[in-house]
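Notes follow the structure.
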Amino acid sequence: MQKSLVLRVDFADADHYFGKERNRWAKGYVLVAIEEGLLNKNGERLDPNEPAGRLWVASVLIRVLGYEEEAQKQMSTDITFKDKEAISKEAAGYAIAAEKYGIFSGTSNGEFQPSVSITRAQMAAVLDRTHKKLQSVMSKDTFIHMEGNEEKIKDLIRRGKSYQGAEYLFGADPSSTEFFDCSSYTKKIYGEIGITLPRTSRSQFQAGKKIEQTELQTGDLVFFDTREDEVINHVAVFICFYK
Numbered sequence: 006m007q008k009s010l011v012l013r014v015d016f017a018d019a020d021h022y023f024g025k026e027r028n029r030w031a032k033g034y035v036l037v038a039i040e041e042g043l044l045n046k047n048g049e050r051l052d053p054n055e056p057a058g059r060l061w062v063a064s065v066l067i068r069v070l071g072y073e074e075e076a077q078k079q080m081s082t083d084i085t086f087k088d089k090e091a092i093s094k095e096a097a098g099y100a101i102a103a104e105k106y107g108i109f110s111g112t113s114n115g116e117f118q119p120s121v122s123i124t125r126a127q128m129a130a131v132l133d134r135t136h137k138k139l140q141s142v143m144s145k146d147t148f149i150h151m152e153g154n155e156e157k158i159k160d161l162i163r164r165g166k167s168y169q170g171a172e173y174l175f176g177a178d179p180s181s182t183e184f185f186d187c188s189s190y191t192k193k194i195y196g197e198i199g200i201t202l203p204r205t206s207r208s209q210f211q212a213g214k215k216i217e218q219t220e221l222q223t224g225d226l227v228f229f230d231t232r233e234d235e236v237i238n239h240v241a242v243f244i245c246f247y248k
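Under our numbering, the first residue of the sequence shown is numbered 6, with each subsequent residue one higher.
Here it is as structure tokens:
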């Protein structure tokens, strides 16, 4: 499936905001956010004119950092915030992960205040903390090149092949086993052998150790600039050279 077939804003209210060339200036930004896996489509509304609440911002930044799967696993964990009744069970993991990684902490009275909008100054502080955390995540050079670990390489390829037949979905949830885009697929199969990758092809490229094409070995990641705009937007797992 070509990505151009799914480059659309796939929200229930998309036509209202983007139909007939309306708000064309914003559409590209939304598409990039979808491509990077930062917006969870699932048929929900985008509500682009609504204020950004603390919990919504937290969920986006957790995806930026590549901690979506961890947040999903925390959904049934008991929340310690005093206003936990205001946090839905479907979003509890994001609040827990946001506190754990220092994106947001509780207020002085022990509340998370999920629906409270944040100011520009608060957003700047949150983005600064996220950027520092992202640099930490991306500085780990313990993956990408799989040299000298034949059993782990075989396990990686076996797990990768086990998902053959799964459908392509642009901006797929990284925890899904039924739908994948390129980077959610690599993140998933590497994660299953104990290697943590960032969420997007671009951040996986930045985090990895760059090697020459002649050095490629089974299990390495190969990155592509399919739009020829000097921006990485696709990733694949290398198996072998065809002769």
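Glycine included, every Cβ here is placed at the ideal spot set by N, Cα and C.
Query                                                                                                                                                                 : Result
Do residue 57 and residue 123 have their beta-carbon atoms positioned less than 8 Å apart in this structure?                                                          : yes
When we look at the beta-carbon of residue 245 and count the other beta-carbons within 10 Å, is it buried (16 or more) or exposed?                                    : exposed
Only counting the same chain, and skipping five residues up and downstream in sequence, which positions put a Cβ closer than 6 Å to that of residue 1?                : Residue 1 lies beyond the stretch modelled for the chain, which goes from 6 to 248, so this question has no answer here.
With the cut-off set at 8 Å, would you say residue 106 and residue 76 are in Cβ contact?                                                                              : no
Measure the alpha-carbon distance for residue 202 versus residue 113 and round it to whole angstroms.                                                                 : 34 Å
List, from N- to C-terminal side, the beta strand (DSSP E) runs of 3 residues or more that fit wholly inside the stretch 188 to 248.                                  : 226 to 229 and 239 to 242
Take residue 184 and list the residues in its own chain whose beta-carbon comes closer than 6 Å to its own, dropping the five residues that flank it on each side.    : 172, 174 and 177
Would you say residue 43 and residue 68 are within 8 Å of each other, going by their C-beta atoms?                                                                    : yes
Closest to residue 80 by C-alpha separation, out of 87, 103 and 196, would be which residue?                                                                          : 103
Would you identify the three-state DSSP class for residue 183, choosing helix, strand or coil?                                                                        : coil
Is the distance from the Cβ of residue 95 to the Cβ of residue 180 below 8 Å?                                                                                         : no
Pull up the distance between the alpha-carbon of residue 157 and that of residue 198, whole angstroms please.                                                         : 7 Å
Alpha carbon to alpha carbon, what distance is there between residue 65 and residue 49?                                                                               : 15 Å
Below 8 Å on the Cβ atoms is my contact criterion, and I expect residue 161 with residue 195 to pass it. Report the Cβ-Cβ distance as a whole number of Å.            : 7 Å
Which whole-angstrom value describes the C-beta separation of residue 224 and residue 240, a residue pair presumed to lie in contact below a C-beta threshold of 8 Å? : Going by Cβ atoms, the distance from residue 224 to residue 240 rounds to 13 Å, so no, they are not a contact pair.
For residue 38 versus residue 108, is the C-beta distance shorter than 8 Å?                                                                                           : no
Distance check for residue 182 and residue 84, CA to CA, integer angstroms please.                                                                                    : 27 Å
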